[in-house]
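Yeah, the sequence shown ends on 298 if you go by UniProt numbering, and it's all consecutive.
Note that beta-carbon positions come from the ideal geometry of N, C-alpha and C, so glycine has one too.
What you are looking at is a predicted structure, and each value in this text was computed from that prediction instead of being measured.
All remarks here apply to the structure that follows.
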Amino acid sequence: MSSSKRLDRAYKNAVTIPFDEDSKFIFFSDCHRGDNSFADDFANNRNIYFHALNHYYREGFTYIELGDGDELWENISFEAIFEAHKNVYQLLKRFHLEKRLHMLWGNHDMVYRDSEYVDKHLSHYFEPIDGSDKELFEGITYHEALILKHTKTGQELFCVHGHQADWWNYVCWRIGRFLVRILWKPLQVVGIADPTSPAKNYKELIRIEKRIKRWILKKDLLVTLAGHTHRPRFPEPGQIPFFNDGSCVHPRSITGIEILNGEVSLIKWHIDTKPDGTLQIVRVLLEGPEKLADYQTE
């Protein structure tokens with residue numbers, strides 16, 4: 001099956017979510033939350049991420065994670081990841097309880113395609129303090145793709161991880177998981193990166209982006225939001241409307257895409273130094289805001 005057909009299938013099976021000018025969305029992806037070991041790329045940015053997540057929770061945003069939230073190639077089970085970043089999952093649980101959480105699976109958490117796996121591992125967790133099982137993401141469903149559809153204009157925003165355009169990481173993900181878990185995780189500790197990752201392979205990254213852009217052209221310039229390559233992309237109106245939210249494992253920063261007041265923006269959260277030498281976590285606008293309506297075709 002070609003990348004175009006995989007994207008077609010994801011679009012056809014996508015769950016539709018209505019939105020309007022008052023809707024607030026934050027898109028993150030490629031968090032790669034791990035077990036807090038030396039191989040856990042997320043650990044360096046966990047305080048930045050948690051601060052940003054708190055901000056979006058307080059401000060009433062809906063959180064959409066575009067895949068690869070959990071690093072289940074390097075780690076065998078979700079339980080070790082949960083224990084390492086328990087505060088993050090407890091905050092995500094609050095989004096879930098208020099129906100403000102939508103999760104997609106990517107290649108590194110592709111096991112979440114299996115609803116039985118999700119129910120077994122993510123619906124509850126064991127609390128050693130009182131020796132009881134507590135609710136976590138009860139009733140949650142991971143999707144391959146979502147469509148945000150404007151209630152008045154009918155404009156659609158297609159949300160997907162993006163590995164559908166990456167044959168190796170979609171079709172051969174089990175082989176990739178084996179190689180990463182057995183070979184590359186130990187080597188990562190001493191600084192050797194996984195060469196199968198498009199984020200570390202610039203030529204493959206460009207090929208993946210071209211495939212997605214060709215598909216967008218075929219779909220009459222359908223606005224598409226993705227992750228996977230870890231490279232932030234923010235087109236201007238009139239260009240091919242391919243957005244990429246980047247990742248949460250950049251050196252000392254995380255990037256994401258916001259939708260607010262009918263406008264879309266690319267943002268970064270990072271640690272900055274105040275004049276008195278103290279540190280603070282700040283939000284920086286990288287691109288936008290641009291009106292979503294300006295990306296709508298006639």
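Whole-Å CB distance - residue i paired with residue j, under 8 Å assumed
{"i": "Glu258", "j": "Ile26", "result": "6 Å"}
{"i": "Phe28", "j": "Glu83", "result": "Going by Cβ atoms, the distance from Phe28 to Glu83 rounds to 21 Å, so no, they are not a contact pair."}
{"i": "Asp68", "j": "His96", "result": "The Cβ separation is near 19 Å, so there is no contact."}
{"i": "Ile140", "j": "Met103", "result": "7 Å"}
{"i": "Asp245", "j": "Gly262", "result": "With 8 Å as the limit, Asp245 and Gly262 do not qualify as a contact, their Cβ atoms being about 18 Å apart."}
{"i": "Pro237", "j": "Tyr170", "result": "In fact, because the Cβ distance is near 30 Å, the residues do not count as touching under 8 Å."}
{"i": "Ile240", "j": "Leu217", "result": "7 Å"}
{"i": "Asp20", "j": "Lys152", "result": "7 Å"}
Under 9 Å between C-beta atoms of residue i and residue j
{"i": "Gly106", "j": "Gly60", "result": "no"}
{"i": "Thr273", "j": "Phe243", "result": "no"}
{"i": "Ile271", "j": "Gln280", "result": "yes"}
{"i": "Lys24", "j": "Tyr57", "result": "no"}
{"i": "Val284", "j": "Ala145", "result": "no"}
{"i": "Val249", "j": "Cys31", "result": "yes"}
{"i": "Gly34", "j": "Glu79", "result": "no"}
{"i": "Trp269", "j": "His51", "result": "yes"}
{"i": "Thr229", "j": "Ile208", "result": "yes"}
Neighbour-count burial assignment, residue i, 16 or more Cβ in a 10 Å radius
{"i": "Thr100", "result": "Correcting the residue type first, residue 100 is Arg in the shown sequence and not Thr. Classification for Arg100: buried."}
{"i": "Tyr49", "result": "buried"}
{"i": "Asp220", "result": "exposed"}
{"i": "Gly256", "result": "buried"}
{"i": "Ala293", "result": "exposed"}
{"i": "Asn45", "result": "buried"}
| Which ranges does the alpha helix (DSSP H) cover as unbroken runs of at least 4 residues, wholly within the segment 88 to 135, from first to last along the chain? | Entirely contained in the segment 88 to 135, the alpha helix (DSSP H) runs reaching 4 residues are, in chain order, 115 to 122.
Q) So, do the segment 150 to 168 and the segment 111 to 129 have three or more beta carbon pairs nearer to each other than 8 Å? A) Counting Cβ pairs under 8 Å, fewer than three are found: no touch.
* Asked: Which ranges would you report for the alpha helix (DSSP H) in the segment 226 to 255 if only whole runs of at least 4 residues count?
  -> Listed in chain order, nothing qualifies, since the segment 226 to 255 has no complete alpha helix (DSSP H) run of 4 or more residues.
Length at least 3, wholly inside the segment 59 to 84: the beta strand (DSSP E) runs in chain order:
Runs of the beta strand (DSSP E) lying entirely within the segment 59 to 84, each at least 3 residues long, are 62 to 66 in chain order.
- Any alpha helix (DSSP H) of 4 or more consecutive residues that is wholly inside the segment 141 to 171: DSSP runs (the alpha helix (DSSP H)) wholly in the segment 141 to 171: 167 to 171.
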